[in-house]
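Numbering (this note's numbering), first residue to last: 1 to 338.
By construction, the Cβ of each residue, glycine as well, lies at the ideal position given by its N, Cα and C atoms.
Bear in mind that the values here come from a model prediction, so they are computed numbers and not experimental data.
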Amino acid sequence: MRILSNACVPNYLLSANPGVILDAQYHDFDEQAERLVGFDQSYLQLTPGPFVGRFLSCFLSDKVSIHLEHCTQALEQSVTGPSDAVTVGVLANADEPFCLNGGSFTSGNVMIAMPGSTFHLHSPIEGAVIAIIVQKDHLQGHSGLSALANDWLFAPEFGAQLLNAPQLARRIREDVVQAIQGASFVETGKASAAYIGDALLAGLVSKLSLEISGHGTTLSGTIGSASYEKFLKGRNAIHKNWDTIHGVDDLLAETGGGRRALQNSFASHVALGPLSYHRLLRLHMARRALGDPSQFRASIGDIAARHGFWGWSQFTKLYQSHFGQLPSETRAEAGLLN
1 MRILSNACVP NYLLSANPGV ILDAQYHDFD EQAERLVGFD QSYLQLTPGP FVGRFLSCFL
61 SDKVSIHLEH CTQALEQSVT GPSDAVTVGV LANADEPFCL NGGSFTSGNV MIAMPGSTFH
121 LHSPIEGAVI AIIVQKDHLQ GHSGLSALAN DWLFAPEFGA QLLNAPQLAR RIREDVVQAI
181 QGASFVETGK ASAAYIGDAL LAGLVSKLSL EISGHGTTLS GTIGSASYEK FLKGRNAIHK
241 NWDTIHGVDD LLAETGGGRR ALQNSFASHV ALGPLSYHRL LRLHMARRAL GDPSQFRASI
301 GDIAARHGFW GWSQFTKLYQ SHFGQLPSET RAEAGLLN
């Protein structure tokens with residue numbers, strides 16, 4: 001199986017200069033979600049089959065870092081950024097777009113998320129995304145950032161937005177590749193890597209300033225549609241009250257509105273009906289319980305029933321179909337790791 005299906009980085013794990021670059025392959029999406037330190041992330045695997053992911057981090061300094069994530073399965077991701085850093089993201093390839101807060105996130109977009117902002121991503125099968133993380137004070141005080149760009153970026157209501165800027169997105173990808181390649185071969189470790197980080201940031205702020213001054217802030221996908229808002233309301237209700245929701249009518253009692261609008265909103269944003277999403281969430285909750293050492297004394301059947309799966313054979317079939325392994329294998333792996 002290929003580790004990464006695009007040309008941004010080599011199709012093998014980088015091991016040079018481990019003090020700067022951490023590059024690893026994962027078979028557990030929860031474990032991969034924990035790699036991005038400072039972010040609060042939760043993943044739901046939407047498509048069935050074994051998960052394989054890659055997460056590369058390049059720490060150029062304590063002010064600037066690069067992160068590249070690739071997943072073989074489609075994921076729903078809820079992400080809250082760190083309180084002291086700005087995230088700039090682009091897609092690593094030009095394949096199927098992501099979805100950000102209900103809007104299409106394509107290879108021609110640049111995502112910018114201010115410190116502490118929360119956003120929802122729907123990544124496709126084989127999706128890969130690049131993020132440059134810059135400490136807020138380091139970016140805000142940079143001499144290359146124009147006053148116009150500074151005022152736009154650091155407006156109180158900015159949150160997380162998409163800039164429609166194909167040339168800027170392409171140049172960010174190119175600069176990231178050069179930075180990772182340079183960091184792979186520096187001989188003096190973090191001191192030399194910091195110079196690469198400074199150069200990467202200088203290029204980013206100058207190009208961003210030119211983009212904003214030359215074309216204005218042309219945004220796309222920044223405000224969720226009515227369908228997305230309907231989906232988000234239903235999703236949040238399921239996550240909060242999963243144990244008391246047993247049918248669409250229960251969910252409608254939480255969200256209001258019509259049955260068809262609710263079903264269409266889920267189909268549009270996660271390609272599932274609301275009850276299928278509800279079942280998928282319960283499968284993930286059962287999986288996390290199976291891997292929790294504090295719950296090893298509970299039987300697999302008890303854990304299944306606790307999450308609304310009363311038929312042992314049905315639970316096992318659903319679980320294996322979605323995660324590519326038996327519940328007992330998940331528990332055995334967790335026991336070996338702990």
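- Residues 257, 261, 262 and 265 of the same chain have their beta carbon placed closer than 7 angstroms to that of residue 230, with the five preceding and five following residues left out of the count.
- Taking the CA atoms as reference points, residue 130 sits about 25 angstroms from residue 268.
- In the structure shown, the three-state DSSP call for residue 73 is coil.
- Nearest in C-alpha terms to residue 33, of all of 27, 25 and 43, is 43.
- Partner residues in a beta bridge of residue 93, as assigned by DSSP, do not exist.
- A residue is called buried when at least 16 other Cβ atoms come within 10 angstroms of its Cβ; residue 11 does not meet this threshold and is exposed.
- Straight-line spacing of the CA atoms in residue 174 and residue 320 works out to 40 angstroms.
- Residue 28 counts as buried, since no fewer than 16 other beta carbons sit within 10 angstroms of its beta carbon.
- Taking the C-beta atoms as reference points, residue 242 is found nearer than 8 angstroms to residue 278.
- Listed in chain order, the non-local C-beta contacts of residue 287 below 7 angstroms within the same chain comprise 323 and 330, local neighbours out to five positions each way being set aside.
- Counting other Cβ atoms within 10 Å of its Cβ, residue 23 reaches 16 or more and is therefore classed as buried.
- Counted as a single uninterrupted DSSP element, the beta strand (DSSP E) harbouring residue 23 occupies residues 21-26.
- Residue state for residue 133 is assigned as strand, using DSSP reduced to three classes.
- Contact annotation: residue 21 and residue 68 have beta-carbon atoms that are not nearer than 8 angstroms.
- Counting along the chain, residue 151 sits inside the alpha helix (DSSP H) bounded by residues 147-153.
- Beta-bridge annotation (DSSP): residue 104 is paired with 99.
- For residue 246, the number of other beta carbons within 10 angstroms of its own is below 16, and it is reported as exposed.
- In the structure shown, residue 315 adopts helical secondary structure according to DSSP, grouped into three states.
- The beta carbon of residue 64 lies closer than 6 angstroms to those of 134, 197 and 201 in the same chain, with the five residues before and after it left out.
- When the beta-carbon positions are compared, residue 106 and residue 121 stay at least 8 angstroms from each other.
- Non-local C-beta neighbours of residue 295 in its own chain, meaning closer than 6 angstroms and more than five positions away in sequence, comprise 289, ordered along the chain.
- Taking a 10 Å sphere around the C-beta of residue 297, we find fewer than 16 other C-beta atoms and assign the residue as exposed.
- C-alpha of residue 313 to C-alpha of residue 335: approximately 23 angstroms in a straight line.
- If you draw a 10 Å sphere on the C-beta of residue 49, you find fewer than 16 other C-beta atoms in it, and that means exposed.
- Between residue 209 and residue 144 the beta-carbon gap is near 7 angstroms, inside 8 angstroms, which marks them as a contact.
- For residue 300, the enclosing alpha helix (DSSP H) starts and ends at 300-306.
- For residue 266, the enclosing alpha helix (DSSP H) covers residues 259-270.
- Per DSSP, the continuous alpha helix (DSSP H) segment holding residue 277 begins and ends at 274-290.
- In chain order, 237 place their CB closer than 6 angstroms to the CB of residue 254, counting only its own chain and leaving out the 5 sequence neighbours on each side.
- A Cβ-Cβ distance of about 12 angstroms is found for the pair residue 86 and residue 110, leaving them out of contact under the 8 angstroms criterion.
- In the same chain as residue 300, and ignoring 5 residues on each side of it, the C-beta atoms closer than 6 angstroms to its own belong to 327, in chain order.
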